[in-house]
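Chains as they are written, first to last, in my numbering: chain P, 75 to 274; chain Y, 75 to 274.
Yeah, the Cβ is synthetic: ideal placement off N, Cα and C, and Gly gets one too.
To start, the structure itself, in structure tokens.
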DNA sequence: CTAAAAACCGAGCATTAACTCAGTTTTACT
DNA sequence: AGTAAAACTGAGTTAATGCTCGGTTTTTAG
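Here you go:
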């Protein structure tokens, strides 16, 4: 592993676990055994370093997700969404630091003034919500999912799953204990239900 | 307003909008026109000041919620939860700074080492989830809500609603546009459905 | 009115953090 | 081997921050 990669890796861990402001370049230097000057040789400043971490996070999450969804066949849209939810919770465990980063507030704060950061954050969320939306559209064609607004439904499913993952991030509740209940809830939300089709 | 109250108010705004570490006592001093020494006269240090902000936040949110739920009659559990969801989204708009504070990561980080902070955070979440749980229990007695684990269901409903509120916090999506869809999803999750009762 | 107590002030201290730069080591190429 | 470029180093600079403390003003109570 090159020193540049080591810096990026250490920054990912520290930014996600301690926070951006709370992580000093000295911390990164100590963890990597690389001099502070080297950090600034590879990344012009701390914000650029964070941007690189975020770009790598985007790459990891979107690639992982897209390759999972591409190499699989689903009987219908409902099944696709169930798999997407399952994979989301699996990935949140596997890429714990990356998801922790996205569950912190400072990236969204920085996104207000830094367009590059905003673009990467939006790309990650778009990728995830798009997958759920495609599932809804697919399910509406094959009949496994009822009549409902696809994008909004995707956002709600995403919000539910991500919220539960965050419980774990915040040390409030163990997300995996809710896994079955989330799948059941998803199915209920997506299933055709005459009663609500009329009322909407 | 006393100076102590002014400090507390300014700290709430700054901690929630800028973050804890990013807010200096000089910032608070400037905003309130109160000398830095006065801040330390009323609050022994910055962490104690944050604790006071959190205590006030807990007081505000739990009192608001409890008084809303107490002074109202609901035809059944389902209606109670619908009202709780609606009030949650209303309150998140009214107490924007307080909810923003709870949607940041540092309070939960501090909670790991500071039991007083942990206690207040848990009290807020317990209060909110308890209300949803009570709604589920009530609905299961009056028949408006199906057979399902009350606490877990409450957590999922909470997670869904809070997740959508966070979209707004993070400037990703306007929460209010999803209001109707959330209510519909809630009803679907809570409604008795023979198909899933057996499968669980 | 007076004196003690409470509230308030802000300059100053000690520490820390982002970033620079002049110099050193390593790598790549002929 | 020789040399130029790339990679690396860490002490030093500058600015900011949490907090203290001696002194001043305001409030309170007899």
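Of the listed residues the options, nearest to residue i (C-alpha basis)
i: residue 106 (chain Y); options: Y:212, Y:95, Y:242, Y:81; result: Y:81
i: residue 253 (chain P); options: P:220, P:157, P:95; result: P:157
i: residue 203 (chain Y); options: Y:110, Y:139, Y:218; result: Y:139
i: residue 104 (chain P); options: P:245, P:124, P:77; result: P:77
i: residue 190 (chain Y); options: Y:101, Y:124, Y:135, Y:109; result: Y:124
i: residue 217 (chain P); options: P:136, P:264, P:205, P:85; result: P:264
i: residue 224 (chain P); options: P:248, P:206, P:240; result: P:206
i: residue 110 (chain P); options: P:91, P:85, P:90; result: P:85
i: residue 149 (chain Y); options: Y:219, Y:75, Y:240, Y:244; result: Y:219
i: residue 186 (chain P); options: Y:240, Y:174, Y:165, Y:245; result: Y:245
i: residue 90 (chain P); options: P:262, P:192, P:174, P:188; result: P:174
i: residue 227 (chain Y); options: Y:88, Y:266, Y:192; result: Y:266
Cα-Cα separation between residue i and residue j, rounded to whole angstroms
i: residue 112 (chain P); j: residue 96 (chain P); result: 20 Å
i: residue 196 (chain Y); j: residue 117 (chain P); result: 40 Å
i: residue 98 (chain Y); j: residue 121 (chain Y); result: 12 Å
i: residue 93 (chain Y); j: residue 242 (chain Y); result: 17 Å
i: residue 151 (chain Y); j: residue 208 (chain Y); result: 8 Å
i: residue 177 (chain P); j: residue 83 (chain P); result: 18 Å
i: residue 145 (chain Y); j: residue 160 (chain Y); result: 15 Å
i: residue 270 (chain P); j: residue 101 (chain P); result: For residue 270 (chain P), the predicted structure reports a pLDDT of 46, less than 50, and the residue's modelled location is therefore unreliable. The matter cannot be settled from this model.
i: residue 222 (chain P); j: residue 137 (chain Y); result: 36 Å
i: residue 247 (chain Y); j: residue 200 (chain P); result: 11 Å
i: residue 238 (chain Y); j: residue 249 (chain Y); result: 6 Å
i: residue 155 (chain P); j: residue 251 (chain P); result: 19 Å
i: residue 164 (chain P); j: residue 240 (chain P); result: 13 Å
i: residue 194 (chain P); j: residue 162 (chain Y); result: 30 Å
i: residue 108 (chain P); j: residue 88 (chain P); result: 15 Å
i: residue 143 (chain Y); j: residue 198 (chain Y); result: 15 Å
i: residue 115 (chain Y); j: residue 135 (chain Y); result: 27 Å
i: residue 147 (chain Y); j: residue 153 (chain Y); result: 10 Å
i: residue 79 (chain P); j: residue 75 (chain Y); result: 53 Å
i: residue 262 (chain P); j: residue 188 (chain Y); result: 40 Å
i: residue 192 (chain P); j: residue 141 (chain Y); result: 40 Å
i: residue 119 (chain P); j: residue 119 (chain Y); result: 31 Å
Reduced DSSP category for residue i - H, G, I as helix; E, B as strand; rest coil
i: residue 96 (chain P); result: coil
i: residue 185 (chain P); result: helix
i: residue 274 (chain Y); result: Note on residue 274 (chain Y): pLDDT 38, under 50, position unreliable in the model; no value is reported.
i: residue 125 (chain Y); result: helix
i: residue 242 (chain Y); result: helix
i: residue 108 (chain Y); result: coil
i: residue 223 (chain P); result: coil
i: residue 236 (chain Y); result: helix
i: residue 248 (chain Y); result: coil
i: residue 218 (chain Y); result: coil
i: residue 259 (chain Y); result: helix
i: residue 119 (chain Y); result: coil
i: residue 212 (chain Y); result: helix
i: residue 265 (chain Y); result: coil
i: residue 76 (chain P); result: coil
beta-carbon residue i near the ligand ATP non-hydrogen atom, thresh 7 Å
i: residue 228 (chain Y); result: This structure does not include the ligand ATP; it has no bound ligands of any sort.
Inset, instruction - Determine, using beta-carbon pairs with one atom in the region 129-137 of chain Y and one in the region 168-177 of chain Y, whether at least three such pairs fall under 8 Å. - result: yes
Inset, instruction - Specify whether the region 200-213 of chain Y and the region 240-259 of chain Y touch according to this definition: at least 3 beta carbon pairs, one from each stretch, less than 8 Å apart. - result: no
Legend entry - Three-pair Cβ contact test at 8 Å for the region 179-191 of chain P versus the region 119-128 of chain P: Under the 8 Å Cβ criterion, the region 179-191 of chain P counts as touching the region 119-128 of chain P, having at least three qualifying pairs.
Legend entry - Validate contact between the region 229-237 of chain Y and the region 229-236 of chain P using beta carbons, cut 8 Å, 3 pairs: yes
Inset, instruction - Entirely within the region 133-190 of chain Y and at least 4 residues each: give me those alpha helix (DSSP H) ranges in chain order. - result: 151-168, 170-176, 180-185
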